[in-house]
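> Mind having a look at this structure? Questions to follow.
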Amino acid sequence: MRVRVEGDSMRPALRPGDWLLVRRGATVHPGDLVVARLPGEPARLIVKRAQWRGEEGWWLESDNQRAPGRRDSWDFGPVDDIVGRVVLRYWPLLRLPSHLSRNRS
């Protein structure tokens with residue numbers, strides 16, 4: 001599936017207008033960028049960084065904690081409805097690829 005980035009909560013890795021290719025149901029590891037359903041608003045998707053997995057789901061955080069309107073697990077707790085893992089940022093083509101995972105070797 002593809003997802004368009006809106007907002008500044010994932011800067012510097014992702015910027016508004018970036019397009020992402022997301023692999024549905026892919027295995028998620030700490031440090032991965034993921035797409036999840038926003039708790040309480042399941043029709044809305046969010047792009048966040050997976051930090052750790054607990055019994056209640058994944059702890060998801062924004063890269064830019066100072067972004068206006070930022071919402072993540074600090075606001076709504078762990079998330080169990082992960083749609084998929086970001087595998088590629090493919091637009092705009094003029095930008096060099098960003099790091100999609102910080103903690104992977």
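Residue numbers for the sequence shown follow full-length UniProt numbering, beginning at 1 and rising by one.
Positions of the beta carbon are idealized from the N, C-alpha and C atoms, including for glycine.
Only a predicted model underlies this, so the values are computations on that prediction, with no experimental measurement involved.
Looking at the secondary structure, which residues open and close the beta strand (DSSP E) in which alanine 36 lies?
Run containing alanine 36: 33 to 38, per the beta strand (DSSP E) assignment.
> Got a sec, what are the start and stop residues for the alpha helix (DSSP H) serine 9 sits in?
Counting along the chain, serine 9 falls outside any alpha helix (DSSP H), and DSSP gives it neither H nor E.
> Looking at the unbroken beta strand (DSSP E) that takes in arginine 70, where does it start and where does it end?
That residue, arginine 70, is in no beta strand (DSSP E); it is neither H nor E in DSSP.
> Going by alpha carbons, who is nearest to asparagine 64 out of Val3, Leu45, Glu6, Arg11?
Measuring from the Cα of asparagine 64, the nearest candidate turns out to be Arg11.
> Name the DSSP beta bridge partners of glutamate 61, please?
Answer is Arg49, bridged to glutamate 61.
> Just the Cα atoms here: how many angstroms apart are arginine 15 and alanine 26?
Those two C-alpha atoms are separated by around 23 angstroms.
> Quick check on aspartate 80: does DSSP put it in helix, strand or coil?
Correct three-state label for aspartate 80: coil.
> In three-state terms, what does DSSP make of alanine 43?
If DSSP states are grouped into helix, strand and coil, alanine 43 belongs with the strands.
> Give a yes or no on whether the C-beta atoms belonging to aspartate 72 and proline 42 are separated by under 9 angstroms.
Cβ atoms of aspartate 72 and proline 42: not closer than 9 angstroms.
> Taking all protein chains shown into account, decide if valine 35 is buried (16 or more other Cβ within 10 angstroms of its Cβ) or exposed.
Buried is the call here.
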